[in-house]
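Enquirer:
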Amino acid sequence: MNKFPEQLKKIRKEKAITQDELASKLFVTRQAISKWESGDSTPDLNNLIKLTDIFNVSLDTLVFDPKRNRYVRRFGKMNFWDFLSAYWWVVVLIVFIIGFFSAFWSGR
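Residue numbers (the working numbering): 10 to 117.
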């Protein structure tokens, strides 16, 4: 999913740069910046690289939201509580199955 328009606007505001200032640094119009932020168009590769230099961020940070991209983090290192919060339903299912069969077998 393309998060570029949201990320561009968010990072630009965090750096306190106006659309006009950014446009002059990239040698494009303010309307081009506005279209990028609204998702109506996208910059070419050269302007993407210039944006990473201006904002001092990686291309991944500019294109993806690192806070929402948890796939690598989730399956990288997972402690007990992370596992339990992600797979609580498996633990409940196992406890239920053990309880069911122990009640079934103790009744015989």
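No residue lacks a Cβ here, since even glycine has one placed at the ideal position from N, Cα and C.
So, at 7 Å on beta carbons, what are the nonlocal neighbours of residue 38 in its own chain, with the 5 sequence-adjacent residues on each side left out?
Expert: Sequence index remark: in the sequence shown, residue 38 carries index 29 (1-based). The answer, listed in chain order, is 32.
Enquirer: Expressed to the nearest angstrom, what Euclidean distance is found between the alpha-carbon atoms of residue 48 and residue 40?
Expert: Looking up residue 48 in the sequence shown gives position 39. Looking up residue 40 in the sequence shown gives position 31. Roughly 12 Å separates the two Cα atoms.
Enquirer: Residue 17: which of 64, 114, 99 sits nearest, CA to CA?
Expert: Taking the first residue of the sequence shown as 1, we reach residue 17 at position 8. The shortest C-alpha separation from residue 17 is found at 64.
Enquirer: Indicate the three-state DSSP secondary structure (helix, strand or coil) for residue 26 in the structure shown.
Expert: Here residue 26 refers to the residue found at position 17 of the sequence shown. In this structure, residue 26 counts as coil in the three-state DSSP scheme.
Enquirer: Taking only three categories from DSSP, how would you classify residue 56?
Expert: Your numbering for residue 56 matches position 47 in the sequence shown. Residue 56 falls in the helix class under three-state DSSP.
Enquirer: Does the beta-carbon of residue 44, which I'm using as the reference point, lie nearer than 7 Å to any heavy atom of the ligand MN?
Expert: Among the ligands in the structure shown, none appear at all, so the ligand MN cannot be discussed.
Enquirer: Could you check where the alpha helix (DSSP H) with residue 160 kicks off and where it finishes?
Expert: The requested residue 160 is not part of the displayed model; the chain covers only 10 to 117.
Enquirer: For residue 13, does the count of other Cβ atoms within 10 angstroms reach 16, so buried, or fall short, so exposed?
Expert: Position 4 of the sequence shown, counted from the start, is the residue given in the question as residue 13. Result: buried.
Enquirer: Keeping to the same chain, check which residues put their C-beta closer than 8 Å to that of residue 81; ignore five residues upstream and five downstream.
Expert: The count along the sequence shown starts at 1 and reaches residue 81 at position 72. Confidence at residue 81 is low in this model, with a pLDDT of 42, below 50, so the placement of that residue is unreliable and no value is reported for it.
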